[in-house]
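The listed protein sequences correspond, in order, to chains U and G. Okay, so the first sequence: first residue is 2 according to our numbering, each after it adds one. Okay, so the second sequence: first residue is 2 according to our numbering, each after it adds one. For each residue, glycine too, the CB sits at the ideal point set by N, CA and C.
There are 2 protein chains.
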Amino acid sequence: MTVIESIPATDLLDPTPCATPPSAYLRPDGEDRYTIGEVAQFTGLSAHTLRWYEQIGLLGQVERSHTGQRRFCNRDLDWLELVGKLRLTGMAVADMVRYAELVRQGESTFDERREILLATRRQVLARIAELHGTLAVLDYKIDYYGGSGR
Amino acid sequence: MTVIESIPATDLLDPTPCATPPSAYLRPDGEDRYTIGEVAQFTGLSAHTLRWYEQIGLLGQVERSHTGQRRFCNRDLDWLELVGKLRLTGMAVADMVRYAELVRQGESTFDERREILLATRRQVLARIAELHGTLAVLDYKIDYYGGSGR
DNA sequence: GGCTTGCCTAGAGTGCACTCGAAGGTCTTA
DNA sequence: TAAGACCTTCGAGTGCACTCTAGGCAAGCC
Numbered sequence: 002m003t004v005i006e007s008i009p010a011t012d013l014l015d016p017t018p019c020a021t022p023p024s025a026y027l028r029p030d031g032e033d034r035y036t037i038g039e040v041a042q043f044t045g046l047s048a049h050t051l052r053w054y055e056q057i058g059l060l061g062q063v064e065r066s067h068t069g070q071r072r073f074c075n076r077d078l079d080w081l082e083l084v085g086k087l088r089l090t091g092m093a094v095a096d097m098v099r100y101a102e103l104v105r106q107g108e109s110t111f112d113e114r115r116e117i118l119l120a121t122r123r124q125v126l127a128r129i130a131e132l133h134g135t136l137a138v139l140d141y142k143i144d145y146y147g148g149s150g151r
Numbered sequence: 002m003t004v005i006e007s008i009p010a011t012d013l014l015d016p017t018p019c020a021t022p023p024s025a026y027l028r029p030d031g032e033d034r035y036t037i038g039e040v041a042q043f044t045g046l047s048a049h050t051l052r053w054y055e056q057i058g059l060l061g062q063v064e065r066s067h068t069g070q071r072r073f074c075n076r077d078l079d080w081l082e083l084v085g086k087l088r089l090t091g092m093a094v095a096d097m098v099r100y101a102e103l104v105r106q107g108e109s110t111f112d113e114r115r116e117i118l119l120a121t122r123r124q125v126l127a128r129i130a131e132l133h134g135t136l137a138v139l140d141y142k143i144d145y146y147g148g149s150g151r
């Protein structure tokens, strides 16, 4: 919960459109075929939720095995990590789907994507300020109830 | 939204159990009898929501006029202001109801109330840290999309 | 061969926090 | 005294983000 991550310089050159900061992959690229159960464990999302994400377009078409089972790749994990971060900001699923669609449309949507992220950034800053405000109220009342304990 | 409030020293002695930081009251104490519509306008909550809050015990018995209409007082506004702050922390309504019950039970519940607020405080701090983490990711991606704009 | 485990689909259900509608009573202003 | 804004209760509806159910397939193990 108290995760403030730093971003290694090696990642700053990553050319993929859905680049996100570092992940500890389960397997190296080329051998990256994960079952839905593995991904569920790795991301903390349920298998149900992962299927639902794909269904609503938040995940794009996931590859399938010859028997029709999903086989997620490292890139999918990257994307899910970003989705997780966006979810933490309070962004609505529908908005994330919109963003995912823009990613799928390619480079021509860079500007729009940047705008979305900038707007999200502003909302996060506002939310942080709001939380500092509630913190002041909480501290005031905690003091009233006999203080300390912090 | 960017409200970081300061608490005037004059309020620090307030002896009421549901004391909250300053409100700009509509009317001075003694003449503080507001209709539900006025309170709705003042708090931004709908009249429906205010009735629902009372119904579930988040608001305690609101006074009534001789014809049975609700007449809110400044104290109710104070309480609603606190509820608004707690709601901003993401506290569940059921938990706020629990807190309200403790307030109604009187001084013997001071310790328990302080514990609740301390726990909430920890959650708010964790949430702020989490948001700083998402901010780092957003900045990373915004840079990738051509930066600036902040 | 039978059992278990894990996966598939489509669609229904859940919990939260409101939010609204219906049917009717009351208050205010003209 | 009449219009219309505002009030009441009760219960149903909404939107979100999952979460689960049912019914079935496929692979691995004893």
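Check                                                                                                                                                : Outcome
Quick test of your reading: L83/U and T121/G, contact by CB under 8 Å. State the CB separation rounded to the nearest angstrom.                      : Going by Cβ atoms, the distance from L83/U to T121/G rounds to 29 Å, so no, they are not a contact pair.
Give the secondary structure of R105/U by DSSP, where H, G and I count as helix, E and B as strand, and everything else as coil.                     : helix
In whole angstroms, what is the alpha-carbon distance linking R123/U and S66/G?                                                                      : 45 Å
List, in chain order, every chain G residue whose beta-carbon is nearer than 8 Å to that of I143/U.                                                  : R115, L118, L119 and R122
With DSSP collapsed to three states, give me the class of P22/G.                                                                                     : Below a pLDDT of 50, predicted positions are generally treated as unreliable, and P22/G, at 42, falls in that range; no measurement from the model is reported.
Which bits of chain U does V94/G rub up against, with CB to CB less than 9 Å?                                                                        : Near V94/G there are no residues of chain U at all, since even the closest Cβ is about 16 Å away, more than 9 Å.
Taking buried to mean at least 16 other C-beta atoms within 10 Å of its own C-beta, is T90/G buried or exposed?                                      : buried
Can you pull the chain U neighbours of G147/G, defined as C-beta to C-beta under 8 Å?                                                                : F111, D112 and R115
One question on the structure: do R34/G and R76/G come within less than 8 Å of each other, judged by their Cβ atoms?                                 : no
Alpha carbon to alpha carbon, what distance is there between R128/G and G134/U?                                                                      : 13 Å
Can you tell me where the alpha helix (DSSP H) with Q42/G in it begins and where it stops?                                                           : I37 to T44
Assuming R155/U and Y146/G are in contact, meaning their beta carbons sit under 8 Å apart, how far apart are those beta carbons, in whole angstroms? : Beyond the ends of chain U as shown, which are 2 and 151, falls residue 155/U; an answer cannot be given.
Of all the options L132/G, R99/G and V63/G, which has the alpha carbon lying nearest to the alpha carbon of E116/G?                                  : R99/G
What's the gap between the Cα of L27/U and the Cα of I37/U?                                                                                          : 13 Å
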